[in-house]
Amino acid sequence: MQIKRVVVTGMGALTPIGNNLQSYWEGLKNGKSGCAPITYFDTEKFKTKFACELKGYDPNEYFDRKEVRKLDRFAQYALVSSDEAIADSGLDLDKIDKFRVGVIWGAGIGGLETFQTEVLNYAQGDGTPRFNPFFIPKMIADIAPGNISIKHGFMGPNYTTVSACASSANAMIDALNYIRLGHCDVVVTGGSEAAVTIAGMGGFNAMHALSTRNESPETASRPFDATRDGFVLGEGAGALILEEYEHAKARGAKIYAEVAGGGLSSDAYHMTAPHPEGIGVVKVMENCLRDAGMGPEEVDAINTHGTSTPLGDVAELKAISQVFGEHATHININSTKSMTGHLLGAAGAIEAIASILAMEHSLVPPTINHSVVDEQIDPKLNLTLNKAQKREVKVAMSNTFGFGGHNACILFKKLS
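First residue of the sequence shown? That's 277 in my numbering, and the numbers climb one at a time after it.
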């Protein structure tokens, strides 16, 4: 069987630093922080009072009132970002074979706000179960790709990948392989999340996972900094159109990048903590390089998982040093979570988009908010601190890891 080449022909973004692809890139290159005090609910009794919410997002600009009532925010975000990606791709939906167009989407949690609302309403009632008839279809994680396919009539593979924060990276790798093996011509892929809720913030606070830098929220997400104290919760979505190369070429599509390969692994260590030696992270990057048929010396940039947690950042950088050896010091390493916060199941998608845009513009976005050197981190590594750096990027890697020890890595390269 001939393995087919896969390219990216469209992208869409709905993020805390920009509500479309262009504004997202402007935020990235300018080192914009998306973190601010929470506006969705009263945080008086919460340890953490800030998050990376979307700014200026109004669902009524995209959906009618009836649709808004039927869609949890995570599903709204999926539809908005995928619509942008489809439009960006230039696909003529009247001319393509919709049986060969799939939708493979990532969501680590799904409709958390819907679940929270229905349970609280029940608890405050008289004990009679008067649940909204849309409760279940709004909440389930697979409803996002379901809605995308229903809207556009896509009848290829359709499902959601759930692997916590690695969910959308898993979705992209599945999409890559469906096209490689000839099962699809096009796959709409990516991920969305809307966990900035009472339940989301309360749950992550109880785990001591979130930063509590309430006095300076805009600087709270500080990957690789010695004073980092946890991640910042974010929300939004990223969508990519993956397409078989010859299919894209035949219709004269703009091609952003080739998807060179993807790798998966498991830490098999702990529910939430990374392996201290980064064994699973080493293996996932090695698997990705092997899948792409590329050597470590070919990688120019790595967008790390880099969540701003004390253990995770160090383990990942140790793994990078082990995999890439001396070449690690010649790679631009960054964490765009310093700007967007952590979008959980959508993180892999928006960070893959950031990697592709870095290739397109020959500019690596910064890791912002760094001020104190961590002596546990190799000082020779270029962490792209505080300011974007000009650089030709021919090959870019994006790392995404999830609770449960799920590791995913995806590699993009300029089309040759």
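Yeah, the Cβ is synthetic: ideal placement off N, Cα and C, and Gly gets one too. Predicted, not measured: the structure shown is a model, and the values here were computed from it.
For C564, the three-state secondary structure derived from DSSP is helix. When DSSP reads this structure, Q665 sits in a beta bridge with V640.
Check the Cα spacing between S542 and each of I314, A442, A502: the tightest is with A442. Taking the CA atoms as reference points, L565 sits about 16 angstroms from I555. Judged by DSSP secondary structure, Y521 falls outside any beta strand (DSSP E) and instead within the alpha helix (DSSP H) spanning 521-526.
For G569, there is no enclosing beta strand (DSSP E), as DSSP gives it neither H nor E. In the three-state scheme derived from DSSP, where H, G and I count as helix and E and B as strand, E389 is classed as helix.
Going by DSSP, A482 is part of the alpha helix (DSSP H) stretching over 474-482. Here E389 really is in contact with A470; their C-beta atoms are around 6 angstroms apart, less than 8 angstroms.
The residue among E522, I632, G303, D567 with its C-alpha nearest the C-alpha of V669 is I632. The beta-carbon separation of M673 and V575, rounded to 5 angstroms, stays under the 8 angstroms limit for a contact.
About 5 angstroms separates the CB atoms of C685 and M561; that is less than 8 angstroms, so the two are in contact. Cβ-Cβ distances below 7 angstroms link L330 to L290, P292, N295, E511, G512 in the same chain, with the five nearest sequence neighbours on each side left out; the list follows chain order. Along the length of the stretch 278-326, whole alpha helix (DSSP H) runs at least 4 residues long occupy 297-305, reported in chain order. One Cα belongs to D450, the other to I380, and the distance between them is close to 7 angstroms. Within the same chain, and ignoring the five residues on either side of R376 in sequence, the residues whose Cβ sits closer than 6 angstroms to its Cβ are G432, C460, D461.
Judged by DSSP in its simplified three-state form, M635 adopts helix. Under the 8 angstroms Cβ criterion, the stretch 494-502 does not count as touching the stretch 515-526, having fewer than three qualifying pairs.
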